[in-house]
Amino acid sequence: MLSVTVDNRQATVILAPAQGGGWHLAAVREGDSDATYAGKADPGSLVFAEPQIHAWYQLKLVTVPPLNEQAQEGLNGFSSGYGTPGDETGGAWYPAPLLVGGAGAVLALVLVGGALLLRRHRRHTTG
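If you want our numbering, it's the position in the sequence shown, counting the first as 1, plus 4.
So, in structure tokens, the structure goes:
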């Protein structure tokens, strides 16, 4: 994943592993949200988005902490239904079943691959 500025507009280029080795273009997105939130991942966790509500989450071993306001609102029992017992305000983290599938899982994998590619690129250009 690489975030660039062209004509005063931010864009994120996402690469994915190609069959047989190498990389191919997976997506180009306006803005730098993908790179920004992927950079917030703790070691051993994944960052993924729920594009319908522009929410970003971090998937840890047994928790799914929200990374932005939209994610916190989405986890407050309205869309996902997961929260701490008796919590109606949307706390800082929520236990959730460890289920990842569909487009969210693909996006999470692309983000992880992109983050690794960006780290490799930074190491190569600075070291």
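Ideal placement from N, C-alpha and C gives every residue a C-beta, glycine not left out.
Between L102 and K64, what straight-line distance do the alpha-carbon atoms span, to the nearest angstrom?
For this step, residue 102 is matched to residue 98 along the sequence shown. For this step, residue 64 is matched to residue 60 along the sequence shown. Confidence at L102 is low in this model, with a pLDDT of 43, below 50, so its placement is unreliable and the value that follows should be read with caution. Cα-Cα distance, rounded: 9 Å.
For F82, which residues from the same chain have a beta carbon less than 8 Å from its beta carbon, with the 5 sequence-adjacent residues on both sides left out?
As a working mapping, residue 82 is identified with position 78 in the sequence shown. Low confidence applies here, because F82 scores a pLDDT of 47, under 50, leaving its location unreliable; read the following figure in that light. Excluding positions up to five away in sequence, the list is empty.
Please state whether DSSP places Q14 in a helix, a strand or coil.
As a working note, residue 14 is residue 10 in the sequence shown. Strand, per DSSP.
Check S37 in the structure and name its three-state DSSP category.
Walking along the sequence shown from the start, residue 37 turns up at place 33. Helix at S37.
Is V2 helix, strand or coil when you go by DSSP?
Missing from the structure shown is residue 2; the chain here goes from 5 to 131 and no further.
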